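Here is the structure we will look at.
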Amino acid sequence: MQRRPVGSSGLEVSRVGLGTMTWGEDTSPADAADQLRAFVDVGGTLVETAEDYGGGAAQQVLGGLLRGTVRRDDVVLAGRGTAAPDAGERASRTALLRSLDRTLRRLGTGHLDLWQFPGWDPRVPLDETLSAVQVAVYSGRVRYAGLVAPAGWQLATVAGGATAGPDPAVCRPVSAQVEYSLLAREPEAELLPAARYHGLGLLAWAPLGRGVLTGKYTDGTPADSRGASALLASYVEARRTEHSARIVQSVLTAADGLGTSPLSVALTWVRDRPGVASAVVGARDAAQLRASLAAEDLVLPAEIRTALDDVSDPV
Numbered sequence: 001m002q003r004r005p006v007g008s009s010g011l012e013v014s015r016v017g018l019g020t021m022t023w024g025e026d027t028s029p030a031d032a033a034d035q036l037r038a039f040v041d042v043g044g045t046l047v048e049t050a051e052d053y054g055g056g057a058a059q060q061v062l063g064g065l066l067r068g069t070v071r072r073d074d075v076v077l078a079g080r081g082t083a084a085p086d087a088g089e090r091a092s093r094t095a096l097l098r099s100l101d102r103t104l105r106r107l108g109t110g111h112l113d114l115w116q117f118p119g120w121d122p123r124v125p126l127d128e129t130l131s132a133v134q135v136a137v138y139s140g141r142v143r144y145a146g147l148v149a150p151a152g153w154q155l156a157t158v159a160g161g162a163t164a165g166p167d168p169a170v171c172r173p174v175s176a177q178v179e180y181s182l183l184a185r186e187p188e189a190e191l192l193p194a195a196r197y198h199g200l201g202l203l204a205w206a207p208l209g210r211g212v213l214t215g216k217y218t219d220g221t222p223a224d225s226r227g228a229s230a231l232l233a234s235y236v237e238a239r240r241t242e243h244s245a246r247i248v249q250s251v252l253t254a255a256d257g258l259g260t261s262p263l264s265v266a267l268t269w270v271r272d273r274p275g276v277a278s279a280v281v282g283a284r285d286a287a288q289l290r291a292s293l294a295a296e297d298l299v300l301p302a303e304i305r306t307a308l309d310d311v312s313d314p315v
């Protein structure tokens, strides 16, 4: 699998990443192990996790796999800073560093390669949030920092060094993680241009439109799908609209013409958008993940890309 730099930084990641949102809940430890082996075997490196995935269950599973299934040095671990139990502290120095330490304990590692933190909390001074990043980097617990779902102006404020306190060379983010797909193109309005201008790479999550772009929901809700899961049904349902149905049909038509899967078409569209460092996919099992990895060699012809751009244009 090809690797790309994350923005203008020295960090490199596989251009498709592995998400762990359902690990420990809808995805068993055995299935997670199969996924991680399959991912690393084809050269995948970026593995994304967060403390709120299953209340820490996903990180517990991943930590166990890093102690036997694959080597820690085989992966680029991207963790996300989340709220303390008291949400009023969510971007405070104390809350963020406690979250980081809990994550490191679950994963059984001394550091994260990429620590993604909340980009803005109106209840906490921005310099305080950034000072937590500085402490994490200086202590060796974090190599690079990134932002989670910032608005364009928030990214520009942080990346542009518009703060007086922490060392900007240390705290400057290298990435922004945000939902981005043919069904979610809102980042193109401000976030993507800001990220490219400031040299940040985009980590696109839910590149398959929460599974809707695979076409599996065209004729209903399969019993074994995320849309039928008590945990994720509402998450999927938000992308099942009349507008998305037209986009899905275009993806199905493109896939038929190219002799490939709708999944491959949708994933390739996101993966190769300007500014995207990696498209992060989640899967129920290894077979589903291999379907995503099979898109590695696909290149969308210009006319198909243009047609998909037009039908999914949010304006």
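Oh and the sequence shown: position 89 is 89 in full-length UniProt numbering, straight run, nothing missing. C-beta atoms are modelled at their ideal positions from N, C-alpha and C, and glycine is treated no differently. Every value quoted in this text rests on a predicted model; they were computed, and no experiment measured them.
Straight-line spacing of the CA atoms in V148 and V315 works out to 24 Å.
The distance from the Cβ of R80 to that of D113 is about 13 Å, inconsistent with a contact at the 8 Å cut-off.
The Cβ atoms of G7 and V280 lie no closer than 7 Å to each other. In this structure L100 touches W115 by the C-beta definition: roughly 6 Å separates them, less than 8 Å.
A distance below 7 Å separates the beta carbons of R239 and V212.
Only residues of its own chain outside the window of five on either side were considered, and among them V13, R15, G17, L46, L203 have a CB closer than 6 Å to the CB of S278, listed in chain order. About 5 Å separates the beta carbons of L208 and A266, which is inside the 8 Å limit, making them a contact pair. Judged by beta-carbon spacing, Q59 lies within the 7 Å limit of R106, meaning their Cβ atoms are closer than that value. If you look at Q60, you'll find it in the alpha helix (DSSP H) that goes 57-65. Secondary structure note for Q116: its beta strand (DSSP E) is the uninterrupted segment 112-118. For Q177, the enclosing beta strand (DSSP E) stretches over residues 175-179. Boundaries around Y144 are those of the beta strand (DSSP E), 142-148, since no alpha helix (DSSP H) includes it.
Collapsing the DSSP output to three states places T260 in coil.
Segment contact: the region 21-37 against the region 284-292, three or more CB-CB distances shorter than 8 Å; contact assigned. Residue L308 holds the alpha-carbon nearest to the alpha-carbon of R185 among D74, Y53, L308.
With respect to the 7 Å criterion, E190 and G160 are not classified as neighbours on the basis of their beta carbons.
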